[in-house]
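Residue numbers (numbering that gives the first Met the number 0), protein chains in the order written: chain V, 0 to 332; chain F, 0 to 861. From the three backbone atoms N, C-alpha and C, an ideal C-beta is built for every residue, glycine too. Bear in mind the structure is a predicted one, so any value in this text is a computation, not a measurement.
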Amino acid sequence: MRVLVTGASGFLGGAVARGLIANGHEVTVLQRRPSGLQCREVRGDILDGGAVGEALRGVEAVIHLAAKVAVSGAHSEFTRVNVTGTTTLLEAARAAGVHRFVHVSSPSVAHAGSPLVSAGAGPANPNTAHGSYSRTKAASEIIALAADSPGFAVVAIRPHLVWGPGDEQLVGRIVARASAGRLFLIDAGVALIDTTYIDNAVTALIASMEHAPDSFVHGRAFVVSNGQPRTVAELLTRMAVAAGAPTPTRSVPYRPAWLAGWVAERAWRVHPRGDRAGDPPMTTFLAEQLATAHWFDQRETRRALGWKPTVDLDEGFVRLAAWYASGGQPRGG
Amino acid sequence: MTEPARLPPIGLPGLDPRWSRIVEAPDFSGISRFWHLLDTHAGPEPGQPEPTLTVLCVHGNPTWSYLWRTLLTSAPQSMRIIAVDQLDMGFSERTGICRRLANRIDDLDSLTQVLGITGPVVTVAHDWGGPISLGWALRHREDLRGVVLLNTAVHQPEGSPAPSIIRIARSGPLLRLNTEWTDMFVRGTTRLSRSLLSARPMPKSVATAFASPYRSAARRVAIRDFVADIPLEPGHPSSAALDAIAEDIRDLGATPALLLWGPNDPVFSDRYLADFIERLPHADVHRYERAAHLVIEDAPRLVEDLLWWLSARQRNEPGTEIPGEVTRVGQMTMSPKITTLLEALGRAQVHRPGAVALAEMKSRGPARLVTWEALALRVTKLAAGLRVRGIEPGDRVSVLVPPGADLIAIVYACWAIGASVVIADTGLGLFGIRRAIRGAQPRHVIGVRAGLALARTLSIPGLRISTASLPAITAQGSEQESSALPDAEAEAVVVFTSGATGPAKGVVYRHRQVAATVEILREHYRLTESDALVAAFAPWAVLGPALGITSAIPAMDVTKPRTLTAGALSDAIAAVDGSVLWASPAALTNVLATQKQLSPTQRDAFSRVRLALFAGAPVPRAALVSAASLMPQAEIRTPYGMTEALPVADVELAAIPGVGTAEGVPVGHPVIGVKLAIAVLDDDGHPSDDLTTQAGITGEIVVRAEHIRDRYDRLWATNRTASAHPGWHRTGDVGHIDDAGCLWVEGRLAHVIVTSSGVLTPVGAEQRALTLPFVEQAALVGVGPRGTSAPVLVVVLAVAGRRSRSPLLDVDRTELLRQVTGVDLAAVLVRGALPVDIRHNSKIDRTLLATWAERILAGAGG
Numbered sequence: 000m001r002v003l004v005t006g007a008s009g010f011l012g013g014a015v016a017r018g019l020i021a022n023g024h025e026v027t028v029l030q031r032r033p034s035g036l037q038c039r040e041v042r043g044d045i046l047d048g049g050a051v052g053e054a055l056r057g058v059e060a061v062i063h064l065a066a067k068v069a070v071s072g073a074h075s076e077f078t079r080v081n082v083t084g085t086t087t088l089l090e091a092a093r094a095a096g097v098h099r100f101v102h103v104s105s106p107s108v109a110h111a112g113s114p115l116v117s118a119g120a121g122p123a124n125p126n127t128a129h130g131s132y133s134r135t136k137a138a139s140e141i142i143a144l145a146a147d148s149p150g151f152a153v154v155a156i157r158p159h160l161v162w163g164p165g166d167e168q169l170v171g172r173i174v175a176r177a178s179a180g181r182l183f184l185i186d187a188g189v190a191l192i193d194t195t196y197i198d199n200a201v202t203a204l205i206a207s208m209e210h211a212p213d214s215f216v217h218g219r220a221f222v223v224s225n226g227q228p229r230t231v232a233e234l235l236t237r238m239a240v241a242a243g244a245p246t247p248t249r250s251v252p253y254r255p256a257w258l259a260g261w262v263a264e265r266a267w268r269v270h271p272r273g274d275r276a277g278d279p280p281m282t283t284f285l286a287e288q289l290a291t292a293h294w295f296d297q298r299e300t301r302r303a304l305g306w307k308p309t310v311d312l313d314e315g316f317v318r319l320a321a322w323y324a325s326g327g328q329p330r331g332g
Numbered sequence: 000m001t002e003p004a005r006l007p008p009i010g011l012p013g014l015d016p017r018w019s020r021i022v023e024a025p026d027f028s029g030i031s032r033f034w035h036l037l038d039t040h041a042g043p044e045p046g047q048p049e050p051t052l053t054v055l056c057v058h059g060n061p062t063w064s065y066l067w068r069t070l071l072t073s074a075p076q077s078m079r080i081i082a083v084d085q086l087d088m089g090f091s092e093r094t095g096i097c098r099r100l101a102n103r104i105d106d107l108d109s110l111t112q113v114l115g116i117t118g119p120v121v122t123v124a125h126d127w128g129g130p131i132s133l134g135w136a137l138r139h140r141e142d143l144r145g146v147v148l149l150n151t152a153v154h155q156p157e158g159s160p161a162p163s164i165i166r167i168a169r170s171g172p173l174l175r176l177n178t179e180w181t182d183m184f185v186r187g188t189t190r191l192s193r194s195l196l197s198a199r200p201m202p203k204s205v206a207t208a209f210a211s212p213y214r215s216a217a218r219r220v221a222i223r224d225f226v227a228d229i230p231l232e233p234g235h236p237s238s239a240a241l242d243a244i245a246e247d248i249r250d251l252g253a254t255p256a257l258l259l260w261g262p263n264d265p266v267f268s269d270r271y272l273a274d275f276i277e278r279l280p281h282a283d284v285h286r287y288e289r290a291a292h293l294v295i296e297d298a299p300r301l302v303e304d305l306l307w308w309l310s311a312r313q314r315n316e317p318g319t320e321i322p323g324e325v326t327r328v329g330q331m332t333m334s335p336k337i338t339t340l341l342e343a344l345g346r347a348q349v350h351r352p353g354a355v356a357l358a359e360m361k362s363r364g365p366a367r368l369v370t371w372e373a374l375a376l377r378v379t380k381l382a383a384g385l386r387v388r389g390i391e392p393g394d395r396v397s398v399l400v401p402p403g404a405d406l407i408a409i410v411y412a413c414w415a416i417g418a419s420v421v422i423a424d425t426g427l428g429l430f431g432i433r434r435a436i437r438g439a440q441p442r443h444v445i446g447v448r449a450g451l452a453l454a455r456t457l458s459i460p461g462l463r464i465s466t467a468s469l470p471a472i473t474a475q476g477s478e479q480e481s482s483a484l485p486d487a488e489a490e491a492v493v494v495f496t497s498g499a500t501g502p503a504k505g506v507v508y509r510h511r512q513v514a515a516t517v518e519i520l521r522e523h524y525r526l527t528e529s530d531a532l533v534a535a536f537a538p539w540a541v542l543g544p545a546l547g548i549t550s551a552i553p554a555m556d557v558t559k560p561r562t563l564t565a566g567a568l569s570d571a572i573a574a575v576d577g578s579v580l581w582a583s584p585a586a587l588t589n590v591l592a593t594q595k596q597l598s599p600t601q602r603d604a605f606s607r608v609r610l611a612l613f614a615g616a617p618v619p620r621a622a623l624v625s626a627a628s629l630m631p632q633a634e635i636r637t638p639y640g641m642t643e644a645l646p647v648a649d650v651e652l653a654a655i656p657g658v659g660t661a662e663g664v665p666v667g668h669p670v671i672g673v674k675l676a677i678a679v680l681d682d683d684g685h686p687s688d689d690l691t692t693q694a695g696i697t698g699e700i701v702v703r704a705e706h707i708r709d710r711y712d713r714l715w716a717t718n719r720t721a722s723a724h725p726g727w728h729r730t731g732d733v734g735h736i737d738d739a740g741c742l743w744v745e746g747r748l749a750h751v752i753v754t755s756s757g758v759l760t761p762v763g764a765e766q767r768a769l770t771l772p773f774v775e776q777a778a779l780v781g782v783g784p785r786g787t788s789a790p791v792l793v794v795v796l797a798v799a800g801r802r803s804r805s806p807l808l809d810v811d812r813t814e815l816l817r818q819v820t821g822v823d824l825a826a827v828l829v830r831g832a833l834p835v836d837i838r839h840n841s842k843i844d845r846t847l848l849a850t851w852a853e854r855i856l857a858g859a860g861g
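This is the structure in structure tokens:
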């Protein structure tokens, strides 16, 4: 199939493009930075009509990953990329004759802060989701699923906490903090959290593209994870161990951590530090994510997509350790 | 004042507006009135088959047809459910007339004529709807298939004052204040309701729906009239009508009846249930322990149970507690010779009059020794004396006496009378004992002082006899008087489950079943006259005389099995030359802990024991090994069984492998006369109808034998589920049978964990966890909803390390436990101790642990 992958310079986007290529698909990638992938590449912003039109030429399916992902920042920028960008792409894709559209979303679109214990894929809600990222992703998921129509099958996939070798977003930050001795737990890290090893996220996205036209798939949202909930303490510890970094031993109670996040968010708003990646060290969103259970009922996802994870957590940590042991160079650029 | 009938407001939770009808019918005086009623077949249903059963539901005061909404929702199409709002109640017409009981029966009769209700019908009623529905039922016997009553009354039980709550409500000005001028009575009725599942009060929206027809004082007039119509005093205008109903229902013997009760009802207590049982002895009875007046709201299972019963009426099955079907698995392998227990006692008396039958050990001073002759004489005289005092055949007698010579004399004397004994042991805890006795509704109580004090507030209608007065009673009895031996089918005893999973259940044995237990013990353990039993396991202390062998009861605080010392046990063995020991695992633990204090002579006594049995709960293998070294001549065995059947299987120490080698713990081969099978678990972890004896298949263990309990007491629905496989008792344990025919227990059915990748049983993984030296105790539980639960191990560490603030075990040991157990554990949590039951101090409450683990692992806001 001829497939367009947006956001292919990211960790998951790059892996998806490589996975598609390996499966014999004809891949086009669209992003601002060079992807370094061996395929047709269009460089440009998701809001750049010309670039988008060029990228969609001859394409049958889209896997849309391009998004602004951060825990802080101006809300308008999130809206521009995540909501307007998705809307533009959907319209252009339909006009270009695309008939499958996989919208990559996030479980946080349906999360209002209470613990998620073996939760299903609840409805996205931009009013109750926490933080600009989740709110705009909720809005864009609603827009995407509303575009589902005969001949244009849309499915929303919400991979939860994707990690693996070369991941700068999650593992990279944790390891960096652990190395600096600044990694601590909230409430001893007791909350159970589901994660997704990168290879499983890739196979799930490809499966959802293959199954998008199925009657019980299109128009729906699915959470994807390894289905192996673990405590935050264990996940952080094992990531640090895999990288040879010190393991977290200190813990702070939830309330003070949340308060620190609240203060930091406001301080960062007044005096943004560092450059582009200037997220504060703690935010209320992060405190919530690190202290509240969120794990998912995977039965429906697996049934509908005819998919199941192929790399379990143990194997994932072995691969992560091997990657760090071999120098830990980001893969594919 | 008057007001026309109207429809309920739209949007009341659970109420489908399509059920509502307004129907015009003449009332008792011939005046046309308008009723509001709910009807599942309100509109024409083209193409639908005609319903084959009509269910007529009558609410009480101050509720309305809304009470029955769940029944309407859940009923099959083939059942027509009609729930009326009585005139002047609910949304029916306000007529301005005070309606008496007899009028209301006429009113209802007239309505059903207009509705054209003929053919098979069952009445269902609650509260003061009870007498009205029964009055109607008595007039329609040709169509009547059954009567169902929930927390109601037709008669003020003798010697019991009217419920004080009603008396207060009825007194003068309070009556109008409570019922009419304010909505205190309306709101008070729903305020007492608590869900048995969540223990939460009734949702506000539901309580408001109950109150919705009673918003103004004018609309509440009938609530006042209803309360005033309760005939508490003689000469009341409704007395005659109520008395007639109370007497006439005794003729309903051929009509199936179902009594569903919430015992925590301040008005219609267990006394009223007992009154109905007396009038309708054939009725199926289920008490929803802890449920209150609005039992249908409190007990989530009630509607399902009711529908099951209604379906049986629809199929026109005779009303029986347990559906009698042809058994699917072969016949009993052994039919024990049924002798009554008293016969055994009598034989021993004749053969060995001067030999010691019983030794009650004292912690200070010499033992109390009773010869067979003395025991038999005492039982005869005590029975005669108790008869004189007023204990009748068939009465239930609660015996609150610790194991010893007195207890044995009382139990056998009651049996000699033909009475049955209710034995609520201290292992239930004080609260549990009270609840258990209240549920069994004994007629009399015999107790030590503390026992009588405990029973004081339980409104025992008959005698309260102190053990201190036993000599006087015995002296009153003639020794010549010999009563007929009790019938093998007569009820012998009510004992109680440990309550490890939910409230303790009363378990009823007939004489035939107790006798079968004795026979199985005798045959399986080859007990002969030359044996002597040392019984440190309370329930079996009573059976020594029935076995015809000498028995000794060691000195111990029976409220605490852990207080049995090695010295006390040794003294008991020495006193009767004990060859067989029966003790609980908790007692064994303390015996082993105190064996250092034994003198050489005391230690020697243990070498006389040829057979040591430890039963009641799982026993750690290490404890059995230690027991073997204390009793070098003894065969060490652990019988497996339950309150409902003991023993079922039994295993010898040598046959118990080291810990953690297989899925579960081995409990051995079935004893003589017992058949075992496995009800295979389906993918959802529920036992299916398929029974198998094939090796290696996990499922619920089911048992078939002569000595199994007769039934659960006043728990019709529980009997139904416990006997889902006709002829078999469901144990509630899960396990499998191995290639050699040995039974392995893998845990409780209620503790099965259903993950998205399959069903897990806890014990195997726990046993494997225990192979790690740092694990002292372990419990496997599931967090999250059934079907997609995540397995979590809770451990008690062997060496309680530095007190950590985190409840999590470190990552390395967590990983190790994952490998050793073979379970993809989401987490391993550490606790100082695991919650266990009171009686055995060893059955882990995994349900409680699961709730705890889930709360911890939910993190902030969990």
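- For residue 5 of chain V, the nearest beta carbon of chain F is not closer than 9 Å to its own beta carbon.
- For residue 516 of chain F, same chain residues with a beta-carbon under 6 Å away, outside a window of 5 residues either side, are 706 in chain order.
- Separation of the CB atoms of residue 399 of chain F and residue 454 of chain F is rounded to 7 Å, and the pair is thereby assigned contact status at 8 Å.
- Under the three-pair Cβ rule at 8 Å, the segment 131-139 of chain V counts as touching the segment 75-85 of chain V.
- Taking a Cβ-Cβ cut-off of 7 Å, residue 261 of chain V has no neighbours in chain F, whose nearest Cβ is about 14 Å from it.
- Contact between residue 102 of chain V and residue 151 of chain V is absent: CB atoms are separated by about 12 Å, not below the 8 Å threshold.
- The C-beta separation of residue 168 of chain V from residue 10 of chain V comes to about 6 Å, placing the pair in contact by the 8 Å criterion.
- Put simply, the backbone Cα of residue 796 of chain F is about 21 Å away from that of residue 584 of chain F.
- Only residues of its own chain outside the window of five on either side were considered, and among them 15, 18, 37, 39, 80 and 82 have a CB closer than 8 Å to the CB of residue 71 of chain F, listed in chain order.
- Looking at the backbone, the Cα of residue 7 of chain F and that of residue 731 of chain F are separated by about 45 Å.
- In this structure, the CA atom of residue 189 of chain F is about 10 Å from the CA atom of residue 202 of chain F.
- When DSSP states are grouped into helix, strand and coil, residue 677 of chain F belongs to the strand group.
- With contacts defined by Cβ atoms closer than 9 Å, residue 655 of chain F and residue 538 of chain F do not form a contacting pair.
- The C-alpha of residue 5 of chain F lies about 9 Å from the C-alpha of residue 89 of chain F.
- By the 16-neighbour rule on beta-carbons within 10 angstroms, residue 734 of chain F is buried.
- The DSSP-derived three-state label of residue 584 of chain F is helix.
- Within the DSSP bridge table, the entry for residue 59 of chain V names no partner.
- The straight-line gap separating the alpha-carbon atoms of residue 74 of chain V and residue 108 of chain V is approximately 15 Å.
- DSSP places residue 248 of chain F outside any alpha helix (DSSP H), giving it a letter other than H or E.
- The alpha-carbon of residue 532 of chain F is positioned some 21 Å away from that of residue 597 of chain F.
- Residue-level contact by beta carbon holds for residue 191 of chain V and chain F, with a gap shorter than 9 Å.
- In the DSSP assignment, residue 151 of chain V forms a beta bridge with V/148.
- Under the three-state reduction of DSSP output, residue 157 of chain V falls in the strand class.
- Residue contact with chain F for residue 226 of chain V: present (Cβ-Cβ distance below 9 Å to some residue of chain F).
- When secondary structure is reduced to three states using DSSP, residue 25 of chain V falls in the strand class.
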